[in-house]
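J.: So my numbering is basically just the index in the sequence shown, starting at one, shifted up by 281.
Don't be surprised by glycine CBs; every beta carbon is placed ideally from N, CA and C.
As the structure is a computational prediction, the values presented were derived from the model and not from experiment.
Following this message is one structure expressed as structure tokens.
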Amino acid sequence: MTSENDILFERRGAAGLVTLNRPRALNALTHGMVVAMKAKLDEWAEDSAIACVVVCGAGERAFCAGGDIRAVRESGLAGTSYALDFWHDEYILDAAIKHYPKPYVALIHGVCMGGGIGVSAHGRFRVADETALFAMPETGIGFFPDVGGSYLLSRRGYLGMYMALTGARLKTPDALFVQLATDFVPAGLTGAILEDLSAGRPVAETIASRAEDAGAAPLAALREDIERCFSLECVEAILEALDATGTGWARETAAVIRTKSPTSLKLAFRELREGKRLPFDDCMRMEYRMASRILSGHDFYEGVRAVLIDKDNAPSWKPYALGGVSEEAIAAYFAPLGDRELRL
Ligand code: QUE
């Protein structure tokens, strides 16, 4: 259950400050948090004293690790409405951030995964410090890259497909390279940004004046291999191409992909292919259809069990191999929901 302190809202002069405040759970989002945040963003959009919105995470370890997927799993198993209500209102929040009429600034430190990407990457400014670590790890829990992943990751060349299938963790130089982050600002200087924004200083200049060179992006050196392998026409072909590449990176990458849910891999592949030609709101509607169908499947419950509950990191996926996942089974996740569609 959401306690009132799970998310904090403060006016700091001209800035509206949102603090995700569940540090012991790496600030993972609950339904109460996403509903409260959407309501506050709407209020601040209309408030002429608020010039910009800033979002940050409490504690040392994380901006936001994602959604409170333990609660979502419990709800799915028990058949209560929490899981679908959570995704519905989380996606509505993500869309509100995408369309926000004022500058929106995420100050990102530590872990920023899944739902954390959803409340940062759709905003105009994503300021990352040297501790930030970005990932879309959902194929490892039997889910798929949601929170607008079909939009974001399909517009980053094939780097997005690489992130979606592998769940790779990107440090700040790589996050800048794939545009999940817009600026690198050392941790010691983010407080000064907040002070300047409170004083009503222009957002772009305030951030640019503290931004530094983050250094070379390791992914840049791998770009050719990534484009060549991850642009192929199905997950099986991507794995074959990695196997044929013969470098240590290709071997490790193929091995990582083979640990993920076969269903999730095929969902993510199709989702990004579809998302590439869809406008943002249609991407969110597609993802909500997919999330709804996840609840009647197997791998999400098993994946969250293995990664977050028992922590044995030994999920037994069903089907256990890509060959067992039919095109018809995948297509069913994308079918319209009739009167239960996401309404944006
Ligand atoms: C994939 C995910 C999540 C994840 C791990 C994955 C996710 C999420 C968390 C998480 C981690 C630590 C916590 C917590 C949640 O882990 O969405 O409450 O303390 O929230 O592989 O999508």
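1) Cβ of GLU608 versus every heavy atom of the ligand QUE: is any distance shorter than 7 Å?
2) Reducing DSSP to helix, strand and coil, say where MET565 ends up.
3) So, GLU291 versus LEU301, is the Cβ gap smaller than 8 Å?
4) Look at LYS547 and LEU603 and say whether their C-beta atoms are less than 8 Å apart.
5) Are the CB atoms of TRP368 and TYR569 nearer to each other than 8 Å?
6) By alpha-carbon positions, which one of LEU307, SER597, ALA480, TYR443 ends up nearest to ILE538?
7) Any heavy atom of the ligand QUE closer than 7 Å to the CB of GLY578?
8) So what's ILE373 in DSSP terms, helix, strand or just coil?
9) For ALA456, which of GLU285, ALA295, MET417 has the nearest alpha-carbon?
10) Between LYS599 and ASP580, what straight-line distance do the alpha-carbon atoms span, to the nearest angstrom?
11) Under three-state DSSP, which class holds THR256?
12) Kindly indicate which residue of THR526, ARG574, GLU508, ASP563 has the alpha-carbon position closest to the one of SER545.
13) If we require 4 or more residues per run, which alpha helix (DSSP H) segments fall completely within the segment 572-611?
14) Taking just the CA atoms, how far does CYS393 sit from ILE488?
15) Quick check: the segment 484-499 against the segment 460-471, are at least 3 beta-carbon pairs closer than 8 Å?
16) Is MET567 near the ligand QUE, with its Cβ less than 7 Å from a heavy atom?
17) Going by Cα to Cα distance, which pick from LYS379, ALA330, ALA346 is closest to ALA309?
18) By the three-class DSSP mapping on this structure, what secondary structure does MET314 have?
19) Buried or exposed: where does LYS452 fall if 16 or more other Cβ atoms within 10 Å of its Cβ makes it buried?
20) List the residues that DSSP assigns as beta-bridge partners of CYS337.
T.: Let me spell this out:
1) The nearest non-hydrogen atom of the ligand QUE is 7 Å or more from the C-beta of GLU608.
2) Collapsing the DSSP output to three states places MET565 in a helix.
3) With respect to LEU301, GLU291 sits apart: the two C-beta atoms are not nearer than 8 Å.
4) Yes, Cβ-Cβ distance for LYS547 and LEU603 is below 8 Å.
5) A distance below 8 Å separates the beta carbons of TRP368 and TYR569.
6) Just measuring C-alpha positions, the residue of LEU307, SER597, ALA480, TYR443 sitting nearest ILE538 is TYR443.
7) No; taking the cut-off as 7 Å, the Cβ of GLY578 has no heavy atom of the ligand QUE nearer than that.
8) In the structure shown, the three-state DSSP call for ILE373 is helix.
9) Distances from the CA of ALA456 to each of GLU285, ALA295, MET417 were compared; the closest alpha carbon is that of MET417.
10) Looking at the two C-alpha atoms, the distance is approximately 6 Å.
11) The question about residue 256 has no answer here: the residues shown for the chain are numbered 282 through 625.
12) The shortest C-alpha separation from SER545 is found at ARG574.
13) For the segment 572-611, whole alpha helix (DSSP H) runs of length 4 or above, ordered along the chain, are 580-585.
14) Rounded to whole angstroms, ILE488 to CYS393 spans 20 Å at the Cα level.
15) Remark: three or more beta-carbon pairs, one from each stretch, lie closer than 8 Å, so the segment 460-471 and the segment 484-499 are flagged as touching.
16) Taking the Cβ of MET567 as the reference point, every heavy atom of the ligand QUE lies at 7 Å or farther away.
17) Relative to ALA309, the option among LYS379, ALA330, ALA346 whose CA is nearest is ALA346.
18) Three-state DSSP puts MET314 in a helix.
19) It is buried - the Cβ of LYS452 has at least 16 other Cβ atoms within 10 Å.
20) Paired residues: THR300.
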